[in-house]
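When we follow the numbering used here, the leftmost residue of the sequence shown carries the number 1, and every step to the right adds one.
We treat Cβ as the ideally placed atom computed from N, Cα and C, and that holds for glycine.
First the structure, in the form of structure tokens, and then the observations on it.
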Amino acid sequence: MSEIYEQLQKALKSIRKVTDFVPEIGITLGSGLGGLSEKIDKVCEISYKDIEGFPVSTVSGHDGKFIFGNLSGRKVVCMSGRVHFYEGYKMSEVVMPVRIMGLLGAKIILLTNAAGGINTDFKPGDLMIIRDHISVFVQNPLIGQNPDELGVRFPDMSSVYDKALISQLEDSAAATGITLQKGVYIQLTGPSYETPTEIKMLRTLGADAAGMSTVVEAIAANHMGLRVAGVSCITNMAAGILDQPLNHEEVKATADAVKDKFERLVMHFVQVVH
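In structure tokens form, the structure reads like this:
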């Protein structure tokens, strides 16, 4: 048994001491988007600190717990608060939660985040379907010994974001009267925001939105053979686009302003996804 898989099994055992709940869908909630967790008909909650060997979120706006229950008639496990590379965790620890959701039984993973808009056609408050990502600015979570129990050494990444799930997100948006953007998301390490010149470079590379999470989780989930969908909430325009400084309070405030739209989209998607 690989060391990574052994660590995952210890964490899984901690969870199974509390619940035998088997989710269909795993959901990760980004900064300021945790309100969706209140819509879940909860079976139980487990704090990350109560799971053996599990990383604990240290960022304001990230609760740091798994929520198990029913949402729109489907069994879900919700990651209310994620952990980030910039908090000082190893990348294998950063992706540990999404791997646990898969080992718990989830076959579909919906990753959400708060992101800075790079595409100048975007505006704060937009929701963007992630159609692809750029990962080259962060450490790949698969570096090191490959946990063969999870997936192959050299996984294909030509279709990380499941095309059928993207189509179903678009259908859910149409059904709920929500206009969606679609684009490429790029993950940077953080915690500092990017400079205006860095944003110009990222736009040239083809990125539409930037953030400090999600990509490595998508890689780890895809490695496990899970179906992945992603939605970014554009909470601010990236550095240099508007003549104003960036701050985390703006991110949370914008996410709060669009929470109803975000929740309608996710709840409909969870109901109809297959």
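For residue i, three-class secondary structure by DSSP
i: residue 85; result: helix
i: residue 131; result: strand
i: residue 80; result: strand
i: residue 275; result: Nothing about residue 275 can be reported from this structure: the residues present for the chain run from 1 to 274 only.
i: residue 47; result: strand
i: residue 224; result: coil
i: residue 242; result: strand
i: residue 235; result: strand
i: residue 20; result: coil
Cβ distance (whole Å) where residue i is taken to contact residue j below 8 Å
i: residue 253; j: residue 116; result: 14 Å between Cβ atoms; not a contact.
i: residue 218; j: residue 274; result: Their Cβ separation, rounded to whole angstroms, is 20 Å, which puts residue 218 and residue 274 out of contact at 8 Å.
i: residue 176; j: residue 268; result: 5 Å
i: residue 211; j: residue 86; result: About 11 Å separates the two Cβ atoms, so there is no contact after all.
i: residue 227; j: residue 108; result: 5 Å
i: residue 77; j: residue 23; result: 4 Å
i: residue 151; j: residue 184; result: At roughly 24 Å, the Cβ-Cβ gap does not stay under 8 Å, so residue 151 and residue 184 are not in contact.
i: residue 56; j: residue 216; result: With 8 Å as the limit, residue 56 and residue 216 do not qualify as a contact, their Cβ atoms being about 18 Å apart.
i: residue 71; j: residue 270; result: 5 Å
i: residue 67; j: residue 11; result: With a Cβ gap of about 16 Å, residue 67 and residue 11 do not count as contacting.
i: residue 143; j: residue 8; result: Residue 143 to residue 8, Cβ: 17 Å. No contact.
i: residue 237; j: residue 124; result: 7 Å
i: residue 25; j: residue 114; result: Going by Cβ atoms, the distance from residue 25 to residue 114 rounds to 21 Å, so no, they are not a contact pair.
i: residue 35; j: residue 47; result: Contact doesn't hold; Cβ gap of about 19 Å is too wide.
i: residue 160; j: residue 222; result: 5 Å
i: residue 242; j: residue 118; result: That belief does not hold up - the Cβ atoms of residue 242 and residue 118 are roughly 12 Å apart, past 8 Å.
Closest Cα partner of residue i within the set the options
i: residue 262; options: 187, 30 and 13; result: 30
i: residue 168; options: 266, 55, 33 and 225; result: 266
i: residue 98; options: 89, 90 and 82; result: 82
i: residue 235; options: 72, 48, 111 and 128; result: 128
i: residue 33; options: 110, 70 and 11; result: 110
i: residue 230; options: 196, 79, 112 and 158; result: 112
i: residue 153; options: 224, 94 and 49; result: 224
i: residue 89; options: 5, 66, 139 and 79; result: 139
i: residue 69; options: 182, 241 and 44; result: 44
i: residue 73; options: 155, 144, 84 and 39; result: 39
i: residue 42; options: 137, 50, 75 and 10; result: 75
i: residue 260; options: 136, 3, 196 and 233; result: 233
i: residue 199; options: 186, 161, 239 and 155; result: 239
i: residue 53; options: 4, 156 and 250; result: 4
i: residue 122; options: 146, 181 and 188; result: 181
i: residue 104; options: 244, 50, 15 and 136; result: 15
i: residue 28; options: 195, 80 and 119; result: 80
i: residue 21; options: 8, 35, 102 and 49; result: 102
i: residue 213; options: 192, 188, 222 and 197; result: 188
i: residue 172; options: 2, 65, 264 and 158; result: 264
i: residue 244; options: 255, 195, 204 and 2; result: 195
i: residue 93; options: 186, 197, 255 and 6; result: 6
Span of the beta strand (DSSP E) around residue i
i: residue 180; result: 180-187
i: residue 71; result: 65-71
i: residue 208; result: No beta strand (DSSP E) holds residue 208; DSSP gives it neither H nor E.
i: residue 25; result: 25-29
Opening and closing residue of the alpha helix (DSSP H) in which residue i lies
i: residue 3; result: 3-16
i: residue 90; result: Here residue 90 belongs to no alpha helix (DSSP H), and DSSP marks it neither H nor E.
i: residue 54; result: Careful: residue 54 lies outside any alpha helix (DSSP H) and carries neither H nor E.
i: residue 168; result: 163-175
i: residue 265; result: 259-272
Residue i Cβ short of 7 Å to the ligand SAH heavy atom set
i: residue 165; result: The model on display carries no ligand, and the ligand SAH is accordingly not part of it.
Original post:
Can you list, in chain order, the stretches of the beta strand (DSSP E) that have 3 or more residues and sit fully within the stretch 97-156?
Top reply: Taking only runs of at least 3 residues, the beta strand (DSSP E) segments lying wholly in the stretch 97-156 are 108-117 and 127-134.
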